[in-house]
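Numbered per my numbering, the sequence shown spans residues 202 to 562.
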Amino acid sequence: MKLEQGRGVIARYRDLLPISDKTPVISLAEGDTPLIYCRELSKRVGRGCDVFVKNEGVNPTGSFKDRGMTVAVSKAMERGAHALICASTGNTSASAAAYAARAGISCAVILPAGKIASGKLLQAFAYGAKIVAIEGNFDDALRIVRELGERGDFVIVNSINPDRIAGQKTAAFEIVDEIGDAPDYHLFPVGNAGNIMAYWNGYRGYHSQGRSRTLPVMLGFQAAGAAPFFHNRIIDRPETIASAIRIGNPASWKQARAAIEESRGAVDVVTDEEILDAQMWLARHEGIFVEPASAAAIAGFFKSCDSNEAVYSFRKIPEGSRIVCTVTGHGLKDPDVIMQRMKELKPVAATLDAVRRAIEL
Numbered sequence: 202m203k204l205e206q207g208r209g210v211i212a213r214y215r216d217l218l219p220i221s222d223k224t225p226v227i228s229l230a231e232g233d234t235p236l237i238y239c240r241e242l243s244k245r246v247g248r249g250c251d252v253f254v255k256n257e258g259v260n261p262t263g264s265f266k267d268r269g270m271t272v273a274v275s276k277a278m279e280r281g282a283h284a285l286i287c288a289s290t291g292n293t294s295a296s297a298a299a300y301a302a303r304a305g306i307s308c309a310v311i312l313p314a315g316k317i318a319s320g321k322l323l324q325a326f327a328y329g330a331k332i333v334a335i336e337g338n339f340d341d342a343l344r345i346v347r348e349l350g351e352r353g354d355f356v357i358v359n360s361i362n363p364d365r366i367a368g369q370k371t372a373a374f375e376i377v378d379e380i381g382d383a384p385d386y387h388l389f390p391v392g393n394a395g396n397i398m399a400y401w402n403g404y405r406g407y408h409s410q411g412r413s414r415t416l417p418v419m420l421g422f423q424a425a426g427a428a429p430f431f432h433n434r435i436i437d438r439p440e441t442i443a444s445a446i447r448i449g450n451p452a453s454w455k456q457a458r459a460a461i462e463e464s465r466g467a468v469d470v471v472t473d474e475e476i477l478d479a480q481m482w483l484a485r486h487e488g489i490f491v492e493p494a495s496a497a498a499i500a501g502f503f504k505s506c507d508s509n510e511a512v513y514s515f516r517k518i519p520e521g522s523r524i525v526c527t528v529t530g531h532g533l534k535d536p537d538v539i540m541q542r543m544k545e546l547k548p549v550a551a552t553l554d555a556v557r558r559a560i561e562l
């Protein structure tokens with residue numbers, strides 16, 4: 202007997218996705234991620250506002266990429282694909298490799314040498330991907346992937362694949378289904394920019410069908426050292442501790458810019474220090490552990506609440522506004538930086554008094 206629980210986004214939203222009766226569904230029961238009311242974040246903004254975190258880090262491979270990958274790989278199999286390929290800063294490689302394994306086909310990953318978080322690289326290896334590290338950045342990797350895709354040997358599963366974006370918009374559907382309408386404001390970390398575009402497509406799709414009454418203001422946050430949207434120019438050598446958004450020439454630049462402008466939103470920047478502080482704060486005050494790239498959305502939220510330099514201030518937003526922050530990946534995906542902050546654990550004697558002193562009781 203097949204279980205109905207954990208059916209995945211295709212089963213739940215088939216009528217809103219490019220899926221036909223001929224599409225073989227490749228799923229790992231992705232989606233249906235928690236929308237968590239955050240009391241301390243709500244206090245931070247005040248004005249009777251409610252703040253929620255959409256925790257995409259609990260998807261099967263630990264990131265939001267799985268939503269799009271199930272649709273992209275299912276459609277690739279429908280068209281007779283034998284191999285997938287992607288460029289990656291980490292999460293895409295893990296997701297592509299997992300869904301390729303599920304489908305029984307091969308996967309090649311092209312990534313910048315020394316720039317991928319260890320947790321993500323280990324995932325791609327474990328799932329059996331063919332990993333190639335290049336002497337260049339993500340943008341160089343994507344250029345090579347595009348060229349290989351044009352030869353017809355591989356199906357590209359980066360966000361330039363429209364099936365990926367179609368799957369990712371299901372997160373917006375879930376939010377509306379849960380709270381009964383679109384939020385007033387939605388905050389995102391921005392790297393390659395496919396996600397902010399996908400959510401906007403999802404919100405607009407539901408709105409056009411009368412499933413929601415309103416549309417949100419879309420706010421994106423980039424790391425200060427990798428902020429092509431904010432500066433409106435390509436960044437040749439992007440640098441940030443948040444490896445998943447270390448991208449200087451986003452593939453979905455034009456579409457994401459349109460989403461931000463249509464929603465009357467904005468793009469702002471946060472520093473690496475602000476990102477790491479937000480990562481720790483979210484874990485210690487709300488119990489949600491995210492990778493640094495995800496924490497860019499939370500750092501951006503703090504900036505919008507507190508800073509006079511914020512591009513979009515929350516100080517005068519309507520009372521009772523509903524705010525959603527999407528966090529895109531689990532903290533264990535990128536543990537290296539936080540491990541460096543931990544103090545060395547020195548053992549104490551196995552006695553009650555020694556332990557009480559150690560925990561300062």
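Where a beta carbon is used, it is the ideal one built from N, C-alpha and C, also for glycine.
Inset, instruction - Apply the 10 Å Cβ neighbour rule to G315 and answer buried if 16 or more other Cβ atoms are within range, or exposed otherwise. - result: Numbered from its first residue, the sequence shown carries residue 315 at position 114. So G315 counts as exposed.
The alpha helix (DSSP H) with Q410 in it runs from where to where?
Counted from its first residue, the sequence shown places residue 410 at position 209. Unbroken run through Q410: none, as it is neither H nor E.
S495: which of G530, V274, A288 and K223 sits nearest, CA to CA?
For the purposes of this step, residue 495 is taken as residue 294 along the sequence shown, with counting starting at 1. Minimum Cα distance to S495 is reached at G530.
Query raised in the report: Once you ignore the five residues that flank D341 on each side, which residues in its own chain have a CB closer than 8 angstroms to its CB?
Result: The residue given as residue 341 occupies position 140 in the sequence shown. Cβ within range, chain order: P313 and I335.
Using three-state DSSP, classify F389 as helix, strand or coil.
Numbered from its first residue, the sequence shown carries residue 389 at position 188. Strand.
Check your understanding: What's the C-alpha gap between I211 and T271?
Key -> Stepping through the sequence shown from its first residue, residue 211 is reached at position 10. Stepping through the sequence shown from its first residue, residue 271 is reached at position 70. Straight-line Cα distance between these residues: approximately 8 angstroms.
Item to complete: Assign Y238 to one of three DSSP states: helix, strand, or coil.
Response: For the purposes of this step, residue 238 is taken as the residue at position 37 of the sequence shown. In the three-state scheme derived from DSSP, where H, G and I count as helix and E and B as strand, Y238 is classed as strand.
- prompt: Is it true that the CB of G421 sits closer than 8 angstroms to the CB of I448?
  reply: Residue numbering aside, residue 448 sits at position 247 when the sequence shown is read from its first letter. Residue numbering aside, residue 421 sits at position 220 when the sequence shown is read from its first letter. In this structure, G421 does not lie closer than 8 angstroms to I448 by Cβ.
Report task. Tell me S307's beta-bridge partners as DSSP assigns them. Result -> Position 106 of the sequence shown, counting from 1, holds the residue named residue 307. According to DSSP, S307 bridges with A284.
To the nearest whole angstrom, what separates the beta carbons of G283 and I317, a pair I think is in contact under 8 angstroms? In the sequence shown, the residue the question calls residue 283 occupies position 82. In the sequence shown, the residue the question calls residue 317 occupies position 116. Note on residue identity: the sequence assigns His, not Gly, to residue 283. 25 angstroms between Cβ atoms; not a contact.
Practice prompt. Would you kindly report the start and end of the unbroken alpha helix (DSSP H) that includes V274?
Written response: The residue you call residue 274 lines up with position 73 of the sequence shown. Element bounds for V274: K266 to E279.
- Item | CB of I524 within 8 angstroms of CB of D385, strictly | If you number the sequence shown from 1, residue 524 lands on position 323. If you number the sequence shown from 1, residue 385 lands on position 184. It is a contact, given that the beta carbons lie within the stated cut-off.
query = On the three-state DSSP scale, how would you describe T527?
reply = As a first step, residue 527 is located in the sequence shown; it is residue number 326 there, counting from the start. Looking at T527 - three-state DSSP - the assignment turns out to be strand.
Which residues does DSSP list as the beta-bridge partners of R424? Counting from 1 along the sequence shown, the entry for residue 424 is found at position 223. In the sequence under discussion, the amino acid at residue 424 is Ala, which differs from the Arg named in the question. Here A424 is bridged, per DSSP, to V471.
Original post:
If you draw a straight line from the alpha carbon of G392 to that of I435, how long is it in whole angstroms?
Top reply: To locate residue 392, count along the sequence shown from 1; it is residue 191. To locate residue 435, count along the sequence shown from 1; it is residue 234. Answer to the nearest angstrom: the Cα atoms are 12 angstroms apart.
Distance, Cα to Cα, R215 vs I361?
Residue 215 sits at position 14 when you count from the first residue of the sequence shown. Residue 361 sits at position 160 when you count from the first residue of the sequence shown. When rounded, the distance between both Cα atoms is 21 angstroms.
Original post:
Along the chain, where does the beta strand (DSSP E) that runs through D251 open and close?
Top reply: As a working mapping, residue 251 is identified with position 50 in the sequence shown. Segment D251 to N256, the beta strand (DSSP E) holding D251.
Exercise. In the segment 286-360, which residue ranges form an unbroken beta strand (DSSP E) of at least 3 residues, counting only runs that do not cross its ends?
Worked result: 307-313 and 331-335
message: From the DSSP secondary-structure annotation, give me the bridge partner or partners of V418.
response: Looking up residue 418 in the sequence shown gives position 217. Note: V418 sits in a beta bridge opposite Y386.
Legend entry - Cross-strand partners of V491 (DSSP beta bridge): One-based indexing of the sequence shown puts residue 491 at position 290. Answer by DSSP bridge pairing, in chain order: H531.
Exercise for review: Return the Cβ separation of A511 and K504 in integer angstroms, given the expectation that the two are a contact with Cβ distance under 8 angstroms.
Suggested key: Reading the sequence shown from its first residue, position 310 is the one you call residue 511. Reading the sequence shown from its first residue, position 303 is the one you call residue 504. That pair is a contact at about 5 angstroms.
When we look at the beta-carbon of Y407 and count the other beta-carbons within 10 Å, is it buried (16 or more) or exposed? On the sequence shown, residue 407 is found 206 positions in, with the first residue counted as 1. Buried, since its Cβ has 16 or more Cβ neighbours within 10 Å.
Between the segment 292-302 and the segment 263-280, can you find at least three pairs of beta-carbon atoms closer than 8 angstroms? yes
- Query: How would you label E205, buried or exposed, when you count the other beta carbons within 10 angstroms and need 16 or more for buried?
  - Reply: Working through the sequence shown from its first residue, we reach residue 205 at position 4. Low per-residue confidence applies at E205: pLDDT is 49, beneath 50, and the placement is therefore not dependable enough to give any value.
For L416 and E439, the rounded distance between their alpha carbons: Stepping through the sequence shown from its first residue, residue 439 is reached at position 238. Stepping through the sequence shown from its first residue, residue 416 is reached at position 215. Checking the displayed sequence, the identity of residue 439 turns out to be Pro instead of Glu. Rounded to the nearest angstrom, the two C-alpha atoms are 32 angstroms apart.
Exercise for the section: Give me the Cα-Cα distance between K517 and A467, rounded to the nearest whole angstrom. Expected result: As a working mapping, residue 517 is identified with position 316 in the sequence shown. As a working mapping, residue 467 is identified with position 266 in the sequence shown. Straight-line Cα distance between these residues: approximately 16 angstroms.
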